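Report on the structure given below.
There are 2 protein chains.
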Amino acid sequence: MKHAPKSSDEFEYLKWIRSELPPASPDLEVGPGDDCGILRVEKDRLALKIDSILENTHFVLAKPGVRQPSTMGPAATPEEIGRKAVTRCLSDMAAMGATPSTCMVSVTLHKGAPVKLRQDLFLGVSKTCATYGVNLAGGDTQSWDGPLSLTCSMIGLMNGVRPALRAGMAPGDVIAITGSLGGSILGKHLRFEPRIAEGRFLADNGVSAMIDISDGLSGDLTRLCEESGVRFPVGVDIAAEAVPVSKSARRLAKLEKAGAERAMHHALHDGEDYELMFAVRPGRWKKIVTEWPFEAPIRALGVVRSLEKGQPLVRILKKGEPEALQVMSWVHQL
Amino acid sequence: MKHAPKSSDEFEYLKWIRSELPPASPDLEVGPGDDCGILRVEKDRLALKIDSILENTHFVLAKPGVRQPSTMGPAATPEEIGRKAVTRCLSDMAAMGATPSTCMVSVTLHKGAPVKLRQDLFLGVSKTCATYGVNLAGGDTQSWDGPLSLTCSMIGLMNGVRPALRAGMAPGDVIAITGSLGGSILGKHLRFEPRIAEGRFLADNGVSAMIDISDGLSGDLTRLCEESGVRFPVGVDIAAEAVPVSKSARRLAKLEKAGAERAMHHALHDGEDYELMFAVRPGRWKKIVTEWPFEAPIRALGVVRSLEKGQPLVRILKKGEPEALQVMSWVHQL
């Protein structure tokens, strides 16, 4: 055991875990810490993911006659919960450029939960698998004196495409993003479209690094910098006017009786938009923009710079003036 | 939706799930309901498994100064819990004849759980992976207002060996088993050795069907009959004197102030021994017995017969007289 994590957040824990990993075979090309692990099998690579969603953390189960405060968005139907367990993994597959193949789902229910609840959870899983052409290879259902949780594990095929990792950004790269951000609590976190084809296209076009925005722009951008900066320290400058503030972010700010600044806050720090953020050489960026065949918009946010001592990892330019962008997005407290 | 499950046990639920599965690609050769799913990737097959262990169902977390009643066996250390999450999947891999390759583990902790608890859980996982040569490709750690649970998902390689399924028994097959049974609550359920090499050897020697005994002999034998009986109904007769009653089963009976009959009850119905039970053509059985290179004992329990109308699936012969063997082993109530 090398050192104990100093704080209780998941990043410190991940650092410690990486120092304590079991020996891996050369077939495991990417281990814990990226959107997916990568395992070589014969001539192809598999992308591997496990992810859990928990009641009252990732969803609130809808109950008849109970309405949530409007700023907390809608409670989730069991089918939406089943869907979310699968689509979160699909989004991680997208962030590697993998084609999802097969999943397994473990469900833990409250003891005495109605039969209809577990049926509808399963149908949410099953229909989502059908929609995205994913096999369901197995599962596990149990009950206990505890809240509802679902764990999905997924396998994707790289089909010869080089996986897009979190590490790989270099100074001069363009930072870009699909879709728009903020206010996903109002419904998008349950109904988002994982950017599978987009991720595949981007990986195929040789992006330097990619991540799906699950914790929030400020945190996930910081993570890209940290992962990419292991060999050569890098930071990112983004332009405030380039941040794609979503309609939901504006609507949420309005519900909070606040204005444009609050909407921008939601776009910068809210999680669960499941959009793809990536870095790419400028020449390739031009090609991507020109050939982009998808409905989802795509836009440049800023550039990667080499990080000088004492500089913040992520800066936001407001009217050309850089200021440090604080990480105010989701950090799991353990 | 075809029909709602009539009862609340997991077998009814599994039947319903199988009727509601999403369309699968031809690559998915075995779907939900066996020890593992089987996915074809290029020229090889992968065995896939997901499994959750829950606090107070699969283990009791050891607390300083708290001792359990002796018939409940020892509480588990965090390292033992981490180990069990992985070894249960390893046992399912063994039951297919697969060689375990890579796993992922999702951990859900009580909020505010001590750092040492999650470290020791992880070290239990990590050391077990190292012991069995399994890669750890990823994971997920979260906390909530609920009990402790771990979900392990695992990938194994068939390396050209034909997977041993639960379906495949034919009349005349010998039913046989590794190791001994009963009383695993006294400690074996935390410290069992998954029969990986044994499973591989058995699959390689063309067993007709195989399962790992997780729920108990009576239940798992019934399941083998049900799964194998889809095309042609089969039953099994086992000889009472052939049932390998373990020392733990005898010790548990003694702690309960009972005798040999109670020890036999434990051997027939207790779960979590993680021994392999299989059916095999008599000629192949002879070869297996002759060439068996492992320390773990192996023995014949009985034979597979064609099932006539009204006959019980599983019968136990006591001094040559057959009687129905009731399923009194573990059934998950949902």
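Top to bottom, those sequences are chains B and U. Residue numbers for the first sequence follow my numbering, beginning at 263 and rising by one. Residue numbers for the second sequence follow my numbering, beginning at 263 and rising by one. Think of the CB as a built atom: it goes at the ideal place given N, C-alpha and C, for glycine as much as any other residue. The structure presented is a predicted model; accordingly, all values stated were derived computationally and were not measured.
- Which one of U:A562, U:E534, U:L308 and U:S388 has the shortest CA to CA distance from G449 of chain U? Locating residue 449 of chain U in the second sequence gives position 187, counting from the first residue. Considering only alpha carbons, the answer is U:E534.
request  = In the DSSP assignment, find the unbroken alpha helix (DSSP H) run with I343 of chain B in it and report its ends.
outcome  = Taking the first residue of the first sequence as position 1, residue 343 of chain B is located at position 81. Looking at the DSSP string, the run of the alpha helix (DSSP H) that includes I343 of chain B is P340 to M358.
### Message
By the DSSP assignment, the alpha helix (DSSP H) with S287 of chain B in it spans what residues?
### Response
Here the question's residue 287 of chain B lines up with position 25 in the first sequence. Counting along the chain, no alpha helix (DSSP H) covers S287 of chain B, and no H or E run does either.
(message) With a threshold of 8 Å between beta carbons, is T364 of chain U in contact with chain B?
(response) For the purposes of this step, residue 364 of chain U is identified with residue 102 of the second sequence, where counting begins at 1. Yes, T364 of chain U lies at the interface with chain B (some Cβ there is under 8 Å from its Cβ).
| query | Using a C-beta to C-beta distance shorter than 8 Å, which residues of chain U count as neighbours of Y536 of chain B? | reply | Within the first sequence, the letter at position 274 stands for residue 536 of chain B. Per Cβ cutoff of 8 Å: no residues; Y536 of chain B is ~16 Å from chain U at best.
Length at least 3, wholly inside the segment 374-405 of chain B: the beta strand (DSSP E) runs in chain order: The segment 374-405 of chain B contains no whole beta strand (DSSP E) run of 3 or more residues.
task: On a CA-only basis, which of B:T390, B:L419, B:Q404 and B:A338 is nearest S363 of chain B? Give me that one, please.
output: Numbered from 1 along the first sequence, position 101 holds the residue referred to as residue 363 of chain B. Of the listed residues, the one whose Cα sits closest to S363 of chain B is B:L419.
Q) Would DSSP call D474 of chain U helix, strand or coil? A) Here residue 474 of chain U corresponds to residue number 212 of the second sequence, with the count starting at 1. In the displayed model, D474 of chain U falls within a strand according to three-state DSSP.
Beta-carbon of E282 of chain U versus every beta-carbon of chain B: anything under 8 Å? As a working note, residue 282 of chain U is residue 20 in the second sequence. It does: the Cβ of E282 of chain U has a partner Cβ on chain B nearer than 8 Å.
By a C-beta neighbour count over all protein chains shown, 10 Å radius and 16 as the cutoff for buried, is S660 of chain B buried or exposed?
-> Any property of residue 660 of chain B remains undetermined from this structure, which presents chain B solely from 263 to 596.
Report task. Using DSSP bridges, identify the partner residues of E317 of chain B. Result -> To locate residue 317 of chain B, count along the first sequence from 1; it is residue 55. Looking at the DSSP assignment, E317 of chain B forms a beta bridge with B:F321.
- Item | T333 of chain B: first and last residue of the uninterrupted beta strand (DSSP E) it sits in | Along the first sequence, read from residue 1 onward, the residue named residue 333 of chain B stands at position 71. No beta strand (DSSP E) contains T333 of chain B, which DSSP labels as neither H nor E.
Q) DSSP state of R546 of chain B, grouped into three classes? A) Locating residue 546 of chain B in the first sequence gives position 284, where the first residue counts as 1. Secondary structure of R546 of chain B (DSSP, three-state): helix.
*Just the C-alpha distance for S510 of chain U and E489 of chain B, rounded to the nearest angstrom, thanks.*
Here residue 510 of chain U corresponds to residue number 248 of the second sequence, with the count starting at 1. Here residue 489 of chain B corresponds to residue number 227 of the first sequence, with the count starting at 1. Computed Cα separation, rounded: 50 Å.
Review point. Within 8 Å (strictly less), CB to CB, does L316 of chain B reach chain U?
Key: Working through the first sequence from its first residue, we reach residue 316 of chain B at position 54. Output row for L316 of chain B: interface = yes.
| query | Measuring CB to CB, does D477 of chain U end up less than 8 Å from G564 of chain U? | reply | Translated into the one-based positions of the second sequence, residue 477 of chain U becomes position 215. Translated into the one-based positions of the second sequence, residue 564 of chain U becomes position 302. Taking 8 Å as the Cβ cut-off, D477 of chain U and G564 of chain U do not qualify as a contacting pair.
* To do: Determine the chain B residues that contact D313 of chain U at a beta-carbon separation under 8 Å, and present them in chain order.
  => One-based indexing of the second sequence puts residue 313 of chain U at position 51. For D313 of chain U, the C-beta contacts it makes with chain B under 8 Å involve S368 and D402, in order along the chain.
Q) From the beta carbon of L464 of chain B, is the nearest beta carbon of chain U less than 8 Å away? A) Within the first sequence, numbered from 1, the residue matching residue 464 of chain B stands at position 202. By this cut-off, L464 of chain B is not an interface position.
inquiry  = Strictly below 9 Å CB to CB, what residues from chain B border D306 of chain U?
reply    = Taking the first residue of the second sequence as 1, we reach residue 306 of chain U at position 44. The answer, in chain order, is V303 and E304.
Return the Cβ separation of L352 of chain U and I458 of chain U in integer angstroms, given the expectation that the two are a contact with Cβ distance under 8 Å.
Stepping through the second sequence from its first residue, residue 352 of chain U is reached at position 90. Stepping through the second sequence from its first residue, residue 458 of chain U is reached at position 196. Confirmed, Cβ separation roughly 6 Å.
#### Entry: Reduced DSSP secondary structure (H/G/I, E/B, other) of M420 of chain U
Residue mapping note: residue 420 of chain U aligns to position 158 of the second sequence, counting from 1. The three-state secondary structure of M420 of chain U, taken from DSSP, is coil.
Against chain U, does N397 of chain B count as a neighbour if the rule is that its beta carbon must be under 8 Å from one of theirs? Locating residue 397 of chain B in the first sequence gives position 135, where the first residue counts as 1. Yes, N397 of chain B counts as interfacial toward chain U.
(Q) So that I know if they touch, is there some Cβ in chain B lying closer than 8 Å to that of P294 of chain U? (A) Walking along the second sequence from the start, residue 294 of chain U turns up at place 32. Yes, contact with chain B.
Quiz item: Just how far apart, CA to CA, sit L323 of chain B and H372 of chain U?
Solution: One-based indexing of the first sequence puts residue 323 of chain B at position 61. One-based indexing of the second sequence puts residue 372 of chain U at position 110. Roughly 20 Å separates the two Cα atoms.
Please classify E329 of chain B: is it buried, with 16 or more other beta-carbons within 10 angstroms of its beta-carbon, or exposed? As a first step, residue 329 of chain B must be located in the first sequence, where it is residue number 67. First, the residue type needs correcting, since residue 329 of chain B is Arg and not Glu in the sequence shown. So R329 of chain B counts as exposed.
key: Own chain partners of E341 of chain B with C-beta closer than 8 Å, once the 5 adjacent residues on each side are dropped   = In the first sequence, the residue the question calls residue 341 of chain B occupies position 79. These residues qualify, in order along the chain: D382, L383, L385, G386 and K389.
When you compare only the Cα positions, how much space is there between E553 of chain B and L486 of chain B?
Start at 1 with the first residue of the first sequence, and residue 553 of chain B comes out as number 291. Start at 1 with the first residue of the first sequence, and residue 486 of chain B comes out as number 224. Straight-line Cα distance between these residues: approximately 25 Å.
Where does F273 of chain U fall in DSSP's three states? Here residue 273 of chain U refers to the residue found at position 11 of the second sequence. Looking at F273 of chain U - three-state DSSP - the assignment turns out to be helix.
Cβ contact check for the segment 441-455 of chain U and the segment 529-543 of chain U: 3 or more pairs under 8 Å
Contact between the segment 441-455 of chain U and the segment 529-543 of chain U is present, with at least three C-beta pairs closer than 8 Å.
Check your understanding: What are the boundary residues of the beta strand (DSSP E) that includes S568 of chain U?
Key -> Here residue 568 of chain U is taken as the residue at index 306 of the second sequence, counted from 1. Segment I560 to S568, the beta strand (DSSP E) holding S568 of chain U.
Based on DSSP bridge pairs, tell me the residues matched to V496 of chain B. As a first step, residue 496 of chain B must be located in the first sequence, where it is residue number 234. Paired residue(s): B:S568.
- With a Cβ-Cβ cutoff of 8 Å, do M416 of chain U and K325 of chain U count as a contact? Stepping through the second sequence from its first residue, residue 416 of chain U is reached at position 154. Stepping through the second sequence from its first residue, residue 325 of chain U is reached at position 63. No. Outside cutoff.
Exercise for the section: State the start and end residues of the unbroken alpha helix (DSSP H) segment that holds S510 of chain B. Expected result: Numbered from its first residue, the first sequence carries residue 510 of chain B at position 248. The continuous alpha helix (DSSP H) containing S510 of chain B extends over residues K509 to L517.
Checklist entry - Among B:Q573, B:E570, B:G521 and B:A502, which residue has its Cα nearest to the Cα of L579 of chain B? => result As a position in the first sequence, residue 579 of chain B is number 317, starting the count at 1. Restricting attention to B:Q573, B:E570, B:G521 and B:A502, the CA atom closest to the CA of L579 of chain B is found in B:A502.
Check your understanding: Does T319 of chain B have its Cβ less than 8 Å from a Cβ in chain U?
Key -> Within the first sequence, numbered from 1, the residue matching residue 319 of chain B stands at position 57. Yes, T319 of chain B counts as interfacial toward chain U.
Using alpha carbons as the reference points, say which of U:F321, U:T413, U:G582 and U:G434 lies closest to G401 of chain B. For the purposes of this step, residue 401 of chain B is identified with residue 139 of the first sequence, where counting begins at 1. The shortest Cα separation from G401 of chain B among U:F321, U:T413, U:G582 and U:G434 belongs to U:T413.
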